[in-house]
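Asker:
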Amino acid sequence: MTYLSSNQLKQYEDQGYISPIEVLSSSEALEARKEIELIEKKMPNEIDNAGRYNVHLISPKLDSIVHNSKILDPVESIIGKNILVCSTTLFIKNPNEQGFVSYHQDAKYIGLEPHNWVTAWVALTDSNENNGCLKIWPKSHLNIKDHNEKFNEGNLLTRGQTVENVPEDKVKFIELKAGQMSLHHPRVVHGSGINKSDDRRIGFVIQSYIGTNVKQILGKNSVQVARGEDKYNYHEILNRTNSLMSEENILLRKKENNSLQEIFYKGAKKKGSY
Ligand SMILES: O=C(O)CCC(=O)C(=O)O
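Residue numbering for the sequence shown is 0 to 273, as defined by numbering that gives the first Met the number 0.
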């Protein structure tokens, strides 16, 4: 059992995040990376840009990370014992690419209400200042802030959603070793810079773990039950996969990703490339 201590929980509540937490061995992280790279090889162009979502539906290794009790115990400390998984995202930054993530709050555009949810950012490679690790503005989770939609080149967010005037001197670099994770609050302002290293930076982001009382108000999300019982029945329940890239799950993932795109672009002035 690896529940959060009362000090850790207090840090999460005060600062809007907690990090680092050990969840995988370095070899488990490497195996997951290899499975992602195998999928990339077999299905070129399928898991980048708009396709980087929900790879756990076709990858047993990512599925087992999503349902790993070393992640679910601390998540339970935050959102309670009935836990659903509502989509995942691979944030991959290749060397020599200009990918970055503008400062934003997930709760501003994800449509999950109330905010009884938490995002787990699992490092499958080391993630540090040099390769563009997550950056968090502590204590920024107390209210929702205005965002501009910039659709700027290299921005890995669908619409380039941006909170302006973030005080850089207060921002923390969330450096992780492969196999560690951070947990962040739905309203905490975060982003990341470009990868200046000569290896990939891979974050597997469970976005998010939601309490069973959480609704999707902008569209439809199907979910998996990660722990406990769903007495609310707000969402369609998906099965877990134990086979790599099965035809059936490839189709299911396409359907789920189409629903996600509808949510992400709801009310947008135009469509970005992600
Ligand atoms: O991985 C990144 O660089 C940003 C991730 C992010 O925005 C998120 O996890 O919500």
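Cβ atoms here follow ideal geometry from the backbone N, Cα and C, with glycine treated the same way.
Starting from the C-beta of Pro19, find all residues in its chain whose C-beta is less than 6 Å away, skip the five residues before and the five after it, and write them out in chain order.
Answerer: Contacts found: Leu175 and Gln179.
Asker: How would you label Leu123, buried or exposed, when you count the other beta carbons within 10 angstroms and need 16 or more for buried?
Answerer: Looking at its Cβ environment, which holds 16 or more other Cβ atoms inside 10 Å, Leu123 is buried.
Asker: Compute every distance between the C-beta of Leu133 and the non-hydrogen atoms of ligand 1, then say whether any falls below 6 Å.
Answerer: Within the cutoff, so yes.
Asker: Enumerated in chain order, which unbroken segments of the beta strand (DSSP E) with a length of 3 residues or greater are wholly contained in the region 196-224?
Answerer: Within the region 196-224, the complete beta strand (DSSP E) runs of at least 3 residues are 200-210.
Asker: Check the DSSP bridge columns for Asn81 and list the partner residues they point to.
Answerer: DSSP output for Asn81 lists no bridge partner at all.
Asker: Bridge partners for Ser181 per DSSP, in chain order?
Answerer: DSSP, once it has assigned bridges, lists Trp120 as partnering Ser181.
Asker: With a CB to CB cut of under 8 Å and the five nearest residues on each side skipped, what residues in its chain are close to Leu251?
Answerer: Result list for Leu251: Leu56 and Leu237, in chain order.
Asker: Evaluate the contact criterion for the region 124-144 versus the region 212-232: three or more CB pairs, one atom per stretch, below 8 Å.
Answerer: At 8 Å Cβ cutoff, the stretches do not touch.
Asker: So what does Lys134 bridge to, in DSSP terms?
Answerer: DSSP lists Phe172 and Gly190 as partners of Lys134.
Asker: Is it right to say Glu255 is buried, meaning 16 or more other beta carbons lie within 10 angstroms of its own, or is it exposed?
Answerer: Glu255 is buried by the Cβ-count criterion.
Asker: Between Asn232, Ser242, Met244 and Lys214, which lies nearest to Ile276 when the distance is taken from Cα to Cα?
Answerer: Not covered by the structure: residue 276. The range shown for the chain is 0 to 273.
Asker: Return yes when the Cβ of Arg186 is within less than 7 Å of the Cβ of Gln260, no when it is not.
Answerer: Going by C-beta atoms, Gln260 is not nearer than 7 Å to Arg186.
Asker: Just how far apart, CA to CA, sit Val117 and Leu111?
Answerer: Spanning the two alpha carbons is a distance of roughly 11 Å.
Asker: I believe Ser196 touches Asn115 by the beta-carbon criterion, under 8 Å. Please report the beta-carbon distance rounded to the nearest angstrom.
Answerer: In fact, because the Cβ distance is near 36 Å, the residues do not count as touching under 8 Å.
Asker: In the DSSP output, which residue or residues are listed as bridge partners for Glu39?
Answerer: Note: Glu39 sits in no beta bridge, so no partner.
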